[in-house]
Amino acid sequence: IKMAFTMWIQWFTVAAALLVSVLGIPNPYERFMKGPSNPLKSGVSGEPLFLSPYIEANRTDQALNLSAVQHPLFQDVESYSGFITVDKRYNSNMFFWYVPAKNNRANAPVIVWLQGGPGASSLVGLFEEHGPFRVRSDLSVEKRLYSWHENHHMIYVDNPVGSGFSFTQNDYGYVTNEIEVGIHLYSFLTQFYSIFPLTLNPLYIAGESYGGKYVPAFGHALLKAGQPNLRGVIIGNGYTDPLNQLAYGDYLYQHGLIDVHAKARFDRDTATVINRATLQDWIGAKRVLDELLDGVDGHASYLKNVSGIASYYNYLQVSEQDVDDEAMMKARWRRSWLRTC
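The numbers in my numbering rise by one with no breaks, and the one at position 99 of the sequence shown is 99.
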């Protein structure tokens, strides 16, 4: 039974990832830089800070001091960053950025934030959603007016290995199922707590999009290990069951965004997508879905033609909002992330 369950989890994870990357399910992170990243490569990014050796040597005070972010752009907000090794066999390391709670630090809940994608960096959450900083159009940084760190300890983790700045030196170090995701994150959090004594604080696991798979996986690993202070999980627009989440026709119609004729087209085409995906005709399924939502061959999507909606992430917007993610890749910032000096 255990083997069958593991095989099912592996198949479901791979199938879901294919649905995201091949099928063309709307993915808000496609706009970010693609391609390999190597934090070990020397250059303007400086040297990465690996904290696990300090933890193993019981030099946690030194690890704490070294991980303090000293970059002038972020001096006004206390934060810590570095790498934690989660699999020595393959030198697999997870990157994090921790922002302590501003108020009631002794009792404030801990939130571990896991971005979606799959493969998106949690720095998206930090800089573009609810962290203490936001990026302006001129690529400078300003404080966010309302940040979750006001009343919560925020831990932003690039998960899984291979996402963002998290990396491995062997292809076998990449996870292939959600069980391995949970194992890596549990190893990360256990070591993190060795440096930052927050084990008595209430713990919540939060994420969005493909985080709808990571969050339950991590929560399950914590429950299995008997973590006493796990109080709950938080999932926003969770990508948990792809084929059953394609009911766009009903949603758009009930919100008054399309008429009954357009709903019929959506219902028909989403049924076609599900059928082709079931037959593993990924390319055919992607083509149909792209015509509905994203447009193909330079033509506008059916959704835009019948509703005028340009951004399906927020139908209150009349146009797609530009995201200043370019700044997140600037060398002067990467130096702060990879080597806190």
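Here a beta-carbon is modelled for each residue, glycine too, at the ideal position from N, C-alpha and C. These numbers come from a predicted model, not from an experiment.
Inset, instruction - Could you give the DSSP three-state label for Asp-269: helix, strand or coil? - result: helix
Inset, instruction - Flag this pair as yes or no: are the beta carbons of Ser-122 and Tyr-156 separated by less than 8 angstroms? - result: Yes, these two residues count as a Cβ contact at 8 angstroms.
Legend entry - Check whether Asn-237 and Ser-209 have beta carbons under 8 angstroms apart: Yes.
Legend entry - Whole-angstrom C-beta distance between Thr-270 and Leu-303, which should lie under 8 angstroms: Not quite, the Cβ-Cβ distance comes to about 12 angstroms (not below 8 angstroms), so this is no contact.
Legend entry - Nearest-angstrom Cβ-Cβ length linking Leu-114 and Tyr-193, presumed shorter than 8 angstroms: Actually they do not touch by this definition, with Cβ atoms about 17 angstroms apart.
Legend entry - The beta strand (DSSP E) enclosing Glu-208, as first and last residue numbers: 203 to 208
Inset, instruction - Note down, in chain order, each residue of its chain lying with its Cβ closer than 8 angstroms to the Cβ of Leu-252, except the 5 sequence neighbours on either side. - result: Ile-258, Ala-262, Lys-263, Phe-266, Leu-303 and Ser-307
Inset, instruction - Pull up the CB-CB distance for Ala-101 and Asn-151, whole angstroms please, since I reckon it's below 8 angstroms. - result: Correct: roughly 6 angstroms between the Cβ atoms.
Legend entry - Proximity to His-130 [Cα-Cα], best of His-153, Tyr-204, Ser-147 and Phe-50: Ser-147
Legend entry - Counted within 10 angstroms of its Cβ, other Cβ atoms place Thr-168 as buried (16 or more) or exposed: buried
Legend entry - Minimum C-alpha distance to Ala-179 - residue among Gln-254, Arg-136, Val-273 and Ala-225: This sequence places Ile at residue 179; Ala is not what is there. Closest by alpha carbon: Ala-225.
Inset, instruction - Decide if the segment 158 to 176 is in contact with the segment 85 to 103; the criterion is three or more beta carbon pairs, one per stretch, under 8 angstroms apart. - result: Contact between the segment 158 to 176 and the segment 85 to 103 is established, with three or more Cβ pairs separated by less than 8 angstroms.
Legend entry - Residue interval of the beta strand (DSSP E) (run including Leu-126): Unbroken run through Leu-126: none, as it is neither H nor E.
Legend entry - Collapsed DSSP secondary structure at Thr-60 in the structure displayed: helix
Inset, instruction - Tell me, please, whether the CB atom of Asn-229 is closer than 8 angstroms to any CB atom in chain C? - result: Reference to chain C is not applicable here, since this structure consists of a single protein chain.
Legend entry - Assigned secondary structure, Phe-96 (DSSP; H/G/I helix, E/B strand, else coil): strand
Inset, instruction - Quick one: residues in its chain with C-beta nearer than 7 angstroms to the C-beta of Ala-63, no 5 flanking neighbours on either side, listed in chain order? - result: Leu-51, Tyr-54, Ile-55 and Ile-195
Inset, instruction - Let me know the secondary structure DSSP gives Gly-236 once reduced to three states. - result: Three-state result, Gly-236: strand.
Inset, instruction - State the Cα-Cα distance for the pair Asn-107 and His-153, rounded to the nearest angstrom. - result: 10 angstroms
Inset, instruction - Have a look at the DSSP bridge pairing and note the partners of Arg-144. - result: Arg-144 is not bridged to any residue.
Inset, instruction - My understanding is that Ile-234 touches Ala-206, with C-beta atoms under 8 angstroms, so please give their C-beta distance in whole angstroms. - result: Going by Cβ atoms, the distance from Ile-234 to Ala-206 rounds to 4 angstroms, so yes, they are a contact pair.
Legend entry - 8 angstroms Cβ shell around Val-288 - same chain, five flanking residues per side excluded: Asp-269, Thr-272, Val-273 and Arg-276
Legend entry - Outcome for Pro-160 when other beta-carbon atoms lying within 10 angstroms are tallied against a minimum of 16: buried
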